[in-house]
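The structure appears below as structure tokens.
Numbering (this note's numbering), first residue to last: 680 to 1147.
Here is the structure:
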């Protein structure tokens, strides 16, 4: 499996494939679309983002050829709900996948069905998780033509094996299957890691004697003793999302071992990313393919002494987002806000397809040429932290400078951070009278969102609706 995305194969078969791809481009100039995403990768976990503890040549090569968003957020900080939002363009409370294990509503348009209706050949390989681990029997029902060849292997704690097989399946599609289609194609490549960090957290792991060579604890490592009750309950939960409770007694060496393992998992999954990008080039598709790279959600990486997911802290909700392809600027970094809800509108824009009516997201295409597009004034992220206790909920409003979070239940329910002055979210301004106007403004944004989208969090808002 070749992992170098910048080396193009040059054998006779590869030349024939590239010639055939060129003929297909002439017949239908609409771009192919390749969506590659990892599981549980925080936005900063790339070399191109300045992280010296990971090695990500595949992701870095894509960033050199494209546009990297530095303020990109998931729609929900847990696998199933975020994935459902990505493929439908609808937030969890509208698509029905609020918790892991909830099934995706079969009557909803998806990336597959929308592009299939627009004349694309549609394929998906790798993890599905809505709720089936792999997309098999419902391939056609969700709008995809291609049945993945990835064997039905258990993906829990076997992410390296699953990602190897997923990358091989994607390579097969890009080298052979795509060339059989007299139409543009969409391929979703869903990789598993660095999700295996969840199993590292709960397993008995011996601490390395060489932790001084491991990533250091972050500057915002300390947990806030006054954080919202919903987060404290989440830390104590030993059932749904129980991984976090095991971290309570960790010492510095154990935390740094966890950070080293996470860095290794990110570097490992990058090899699969590079392999897929290499196959794209070898098949002659790079010139006419929009490549989108992202992740379903982030990872706590010890900030606020948080591990894994299911919070609204930056490390957990912030995800990588890189787009590359024809008409997209090279080596550009943009600060425009972006959301997982923007993926489907963006893909439809490139494909010339009509996006389903009522989607809250916006196409990111205007920002990809180097000009600031009409993006979000704010993005929303929603959290349902405990399936056994549905009253434990949270919502995030991220604006250009500030970030507001509202939780239920409890007395301490709101957080407001000035991310320009306090990117580590260490100073909660929600009760600071100097920031009262910002608090009210962000409350108003959340109230409007709840009313407009019929969000059930409306009944859990930790503030009075009057005065917002």
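Just so it is clear, CB atoms sit at the ideal spot from N, CA and C, and this is done for glycine as well.
Please return the same chain residues whose Cβ sits closer than 8 Å to the Cβ of residue i, not counting the five positions on each side in sequence.
i: residue 992; result: 979, 982, 983, 985 and 1104
i: residue 795; result: 801, 822, 823 and 824
i: residue 733; result: 724, 725, 726, 942, 945, 946 and 949
Use the C-beta contact count for residue i: other C-beta atoms within 10 angstroms, 16 or more gives buried, fewer gives exposed.
i: residue 1119; result: exposed
i: residue 842; result: buried
i: residue 915; result: exposed
i: residue 1143; result: exposed
i: residue 892; result: exposed
i: residue 834; result: For residue 834, the pLDDT reaches just 49, beneath the cut-off of 50, and the residue's location in the model is therefore unreliable, although a value from the coordinates is still provided. Buried, because 16 or more other Cβ atoms sit within 10 Å of the Cβ of residue 834.
i: residue 736; result: buried
i: residue 928; result: exposed
i: residue 905; result: exposed
i: residue 1102; result: exposed
i: residue 1060; result: buried
i: residue 1110; result: exposed
i: residue 1106; result: exposed
i: residue 1134; result: buried
i: residue 805; result: buried
i: residue 786; result: exposed
i: residue 965; result: buried
i: residue 960; result: buried
In the DSSP assignment, find the unbroken alpha helix (DSSP H) run with residue i in it and report its ends.
i: residue 714; result: No alpha helix (DSSP H) contains residue 714, which is instead part of the beta strand (DSSP E) from 711 to 717.
i: residue 1023; result: 1022 to 1030
i: residue 906; result: Careful: residue 906 lies outside any alpha helix (DSSP H) and carries neither H nor E.
i: residue 1126; result: 1115 to 1132
i: residue 1143; result: Element bounds for residue 1143: n/a, residue is neither H nor E.
i: residue 864; result: Note, residue 864: premise wrong, no alpha helix (DSSP H); beta strand (DSSP E) at 864 to 869.
i: residue 949; result: 931 to 961
i: residue 879; result: 876 to 881
Leaving aside the five residues before and after residue i along the sequence, list all residues of the same chain whose C-beta is less than 6 Å from its C-beta, in chain order.
i: residue 926; result: 986
i: residue 1055; result: 1016
i: residue 1022; result: 765
i: residue 753; result: 761, 976, 996, 998 and 1019
i: residue 994; result: 721, 977, 979, 980 and 982
i: residue 750; result: 1014 and 1016
i: residue 718; result: 871, 874 and 975
i: residue 1122; result: 1142 and 1147
i: residue 1149; result: Missing from the structure shown is residue 1149; the chain here goes from 680 to 1147 and no further.
Just to confirm before moving on: does the CB-CB distance between residue i and residue j stay below 8 Å?
i: residue 955; j: residue 977; result: no
i: residue 1035; j: residue 788; result: yes
i: residue 1004; j: residue 968; result: yes
i: residue 1089; j: residue 901; result: no
i: residue 675; j: residue 799; result: Lying outside 680 to 1147, the shown extent of the chain, residue 675 is not represented and no answer is given.
i: residue 629; j: residue 1062; result: The structure shown does not extend to residue 629, since the chain is modelled only from 680 to 1147, so the question has no answer here.
i: residue 881; j: residue 922; result: yes
i: residue 784; j: residue 775; result: yes
i: residue 722; j: residue 1032; result: no
i: residue 874; j: residue 937; result: no
i: residue 907; j: residue 1086; result: yes
i: residue 741; j: residue 1071; result: no
i: residue 851; j: residue 866; result: no
i: residue 1029; j: residue 708; result: no
i: residue 962; j: residue 849; result: no
i: residue 770; j: residue 1042; result: no
i: residue 768; j: residue 1040; result: yes
i: residue 1140; j: residue 1130; result: no
i: residue 746; j: residue 972; result: no
i: residue 890; j: residue 932; result: yes
i: residue 759; j: residue 781; result: yes
i: residue 713; j: residue 763; result: no
i: residue 1047; j: residue 1024; result: no
i: residue 911; j: residue 1064; result: no
Near residue i, what residues of its chain come up, given a Cβ to Cβ distance below 7 Å and the 5 sequence neighbours on each side ignored?
i: residue 1049; result: 1008 and 1011
i: residue 934; result: 896 and 981
i: residue 1114; result: 1095 and 1108
i: residue 1077; result: 752, 1016, 1057 and 1058
i: residue 846; result: 680, 951, 954 and 955
i: residue 757; result: 779, 976, 988 and 989
i: residue 940; result: 876 and 879
i: residue 773; result: 1132
Got a sec, what are the start and stop residues for the beta strand (DSSP E) residue i sits in?
i: residue 971; result: 968 to 974
i: residue 745; result: 745 to 752
i: residue 1094; result: 1093 to 1097
i: residue 1087; result: 1081 to 1087
The ligand GTP and residue i: does the residue's C-beta get closer than 7 Å to at least one heavy atom of that ligand?
i: residue 1116; result: This structure simply doesn't include the ligand GTP, nor any ligand for that matter.
If you scan the region 765 to 819 from start to end, which runs of the beta strand (DSSP E) of 3 or more residues do you find wholly inside it?
800 to 805
At what residue ranges does the region 991 to 1075 contain a whole run of the alpha helix (DSSP H), taking only runs of 4 or more?
993 to 996 and 1022 to 1030
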